[in-house]
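Quick notes on the structure that follows.
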Ligand SMILES: [Zn+2]
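Residue numbers (the working numbering): -7 to 434.
Written out as structure tokens, the structure reads:
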């Protein structure tokens, strides 16, 4: 690993922010960050003669804690220095850490009290599908001789997962689907299968079988709360699971998931119960989480994760739009604006979710296939793409087209050698990122 010394001269707390994003930048290029006053180090400051110039816009945004995207970005999702130079490093910090979502007003929220895609810079500049941070990092690296020798692009990896919201509803869902098809034999088959084998949405073994056929691994996120729960952010109660987490059969399935080399995670409820309390209700040990309904409020969500035993979070995606909620196609360790230092968990952003296409955008599986494969094609290298396919989407009776689509995604991944990444590997990456921070700050 090459060592890249930088001399950062900025007012606090901006200096800490830039130190952090410089470390992310170095990690991105497999370099080791370091900080020194030596004459040949890379000068990062607000002056015209800097190697990397930071804008006054960025300094003011951080010092005044005014994060509104419409004030920060004028005509592009980038900040500019006073002499017209783009501030790639400051802009990357802002994008990476979801700052547009901080202090969001009621008008910027959707019906569920979540930061709405429509209020985002991604909607304003139509850039949700672009990995802006990587492209800004590329621009910075082109101006620094230490980064001249480029390593070859590496095939991207995917994180595959399933939120388990529903199990017992399968009789009703599949029965209805069979009735709509006016297929009496199918109606009887659905009922008979349910009586003999239990709910068909208890299909985790089937899901693992499918992944085995494509040499892929995935994670199952479990809800511990059954029924309806109130979120602290909304008036209306939110439906949670229709199964009991202490059910013996469910616990046996979770064990089998581990035995087969797949993984479990927590699907955190919208209730006020803490992460650790919900983790305790799971029979298997978990270190990863995704919030149900992608219910997150920034920065509270990150603060709650940091306080808990969760080391990997998979919650950060938009519900209504696929793509990048923080314009970066890789896992990263976020920054705490309150404590002026990095957090210690790894955020693995979510880019592709079945319900975005099916429910929010009302698209057919056929239309969705093209969109997803185009997106994957655009991110074939140097990315980690997180894909969420709910267990009910594997029903050959209720969602045959969506099951077929998922298999075609797995087929694309195999053909292009895009391997699935496990939580175990992500934990290793978290550890080396933390080491990189630690070395540079000590
Ligand atoms: Zn859910």
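All C-beta atoms, glycine included, are put in the ideal place defined by N, C-alpha and C.
The structure displayed is predicted, hence computed values, not measured ones.
Under the criterion of a Cβ to heavy atom distance below 7 Å, does residue 102 qualify as lining ligand 1? What you label residue 102 is simply residue 110 of the chain shown in a count that begins at 1. Checking the Cβ of residue 102 against ligand 1 gives no.
Collapsed DSSP secondary structure at residue 292 in the structure displayed: Position 300 of the chain shown, counted from the first residue, corresponds to residue 292. Helix.
For residue 35, which three-state DSSP category applies? In the chain shown, the residue the question calls residue 35 occupies position 43. DSSP places residue 35 in strand when its eight states are reduced to three.
Flag residue 448 as yes when its Cβ comes closer than 7 Å to any non-hydrogen atom of ligand 1, and as no otherwise. The requested residue 448 is not part of the displayed model; the chain covers only -7 to 434.
Should residue 221 be counted as a contact of ligand 1 given a C-beta to heavy atom distance under 7 Å? In the chain shown, residue 221 corresponds to position 229, counting from 1. No, since every heavy atom of ligand 1 falls outside the 7 Å radius drawn around the Cβ of residue 221.
Residue 40 to residue -5, Cα distance in whole Å? Position 48 of the chain shown, counted from the start, is the residue given in the question as residue 40. Position 3 of the chain shown, counted from the start, is the residue given in the question as residue -5. In a straight line, the C-alpha of residue 40 is about 25 Å away from that of residue -5.
Which residues count as close to ligand 1 when the rule is a CB under 7 Å from any of its heavy atoms, in chain order? Counting every residue whose Cβ lies closer than 7 Å to a heavy atom of ligand 1, we get 155, 157, 215, 259, 284 and 285.
Among 325, 232 and 310, which has the Cα closest to the Cα of residue 111? Counting from one through the chain shown, the residue named residue 111 turns up at place 119. Minimum Cα distance to residue 111 is reached at 310.
Keeping to the same chain, check which residues put their C-beta closer than 7 Å to that of residue 232; ignore five residues upstream and five downstream. For this step, residue 232 is matched to residue 240 along the chain shown. The answer, listed in chain order, is 215, 217, 218, 219, 220, 221, 261 and 284.
Reduced DSSP category for residue 360 - H, G, I as helix; E, B as strand; rest coil: By one-based count along the chain shown, residue 360 stands at place 368. Three-state DSSP puts residue 360 in a helix.
According to DSSP, is residue 316 helix, strand or coil? What you label residue 316 is simply residue 324 of the chain shown in a count that begins at 1. In this structure, DSSP gives residue 316 a state outside helix and strand, which the three-state scheme calls coil.
Buried or exposed: which applies to residue 73, given that a residue is buried once 16 or more other Cβ atoms fall within 10 Å of its Cβ? Within the chain shown, residue 73 is the residue found at index 81, counting from 1. Around the C-beta of residue 73, 16 or more other C-beta atoms lie within 10 Å, and the residue is accordingly described as buried.
Where residue 214 sits in the DSSP three-state scheme: Counted from its first residue, the chain shown places residue 214 at position 222. DSSP places residue 214 in strand when its eight states are reduced to three.
What residue range does the beta strand (DSSP E) around residue 42 cover? Taking the chain shown and counting its residues from 1, one reaches residue 42 at position 50. It is not in any beta strand (DSSP E) - residue 42 carries neither H nor E in the DSSP assignment.
Across which residues does DSSP place residue 152 in a beta bridge pair? Taking the chain shown and counting its residues from 1, one reaches residue 152 at position 160. Note: residue 152 sits in a beta bridge opposite 210 and 379.
Just the Cα atoms here: how many angstroms apart are residue 135 and residue 77? What you label residue 135 is simply residue 143 of the chain shown in a count that begins at 1. What you label residue 77 is simply residue 85 of the chain shown in a count that begins at 1. When rounded, the distance between both Cα atoms is 13 Å.
CA-CA distance, residue 107 and residue 62? Against the chain shown, residue 107 aligns to sequence position 115. Against the chain shown, residue 62 aligns to sequence position 70. Each residue's Cα considered, the two are about 15 Å apart.
Tell me whether residue 96 sits in a helix, a strand or coil according to DSSP, three-state version. By one-based count along the chain shown, residue 96 stands at place 104. Coil.
Could you check the C-alpha separation between residue 230 and residue 103 for me, to the nearest Å? For the purposes of this step, residue 230 is taken as residue 238 along the chain shown, with counting starting at 1. For the purposes of this step, residue 103 is taken as residue 111 along the chain shown, with counting starting at 1. Looking at the two C-alpha atoms, the distance is approximately 11 Å.
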